[in-house]
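Trainee:
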Amino acid sequence: MTSYPGRMAYLFLALGVVPAVPGGFLTFAGFPLYATYELAPRVHGLGATIDQQLAGLVMKLGGVPVVWGTIAALMHKWTEATRKATEAERSALSAPNHSDQRN
-18 MTSYPGRMAY LFLALGVVPA VPGGFLTFAG FPLYATYELA PRVHGLGATI DQQLAGLVMK
42 LGGVPVVWGT IAALMHKWTE ATRKATEAER SALSAPNHSD QRN
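Under my numbering, the residues of the sequence shown are numbered -18 to 84, in order.
(1) According to DSSP, simplified to helix, strand and coil, what is Gly(-3)?
(2) Considering only C-alpha positions, which residue in the set Gly(-3), Tyr18, Ser75, Ala29 is nearest to Pro46?
(3) Between the Cα of Tyr(-15) and the Cα atoms of Gly44, Ala73, Met56, which residue gives the shortest distance?
(4) Just how far apart, CA to CA, sit Tyr100 and Ala29?
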């Protein structure tokens, strides 16, 4: 099982950074990257370039709430697990040791 920091790093890289690369190309391209898409009929009256740029923004920003929400939930679980382990350790240290007593 991967550690909590490892899981958070994986989520950040796999779902936060990687989709931003093609999303950046789509968002900042000044022309449609696919010639056939430029020739396709318009659905909502948007030009091919604007539609492509909006799609790039969705790729870059659409998953941000999900990724950061999941990372926040993992951070909370990690904090709770650490707190419980610390409490268990403290209670074990403060408990009287009965194995040393002899009758």
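For every residue, glycine included, the Cβ atom is placed at its ideal position computed from N, Cα and C.
Mentor: Taking the definition as stated:
(1) In the sequence shown, counting from the first residue as 1, residue -3 sits at position 16. DSSP places Gly(-3) in the helix class (H, G or I) of the three-state scheme.
(2) Numbered from 1 along the sequence shown, position 65 holds the residue referred to as residue 46. Of the candidates Gly(-3), Tyr18, Ser75, Ala29, the residue whose Cα lies closest to the Cα of Pro46 is Gly(-3).
(3) As a first step, residue -15 must be located in the sequence shown, where it is residue number 4. With distances taken between Cα atoms, Tyr(-15) lies closest to Met56.
(4) Given that the chain is displayed from residue -18 to residue 84, the structure contains no residue 100 and the question cannot be resolved.
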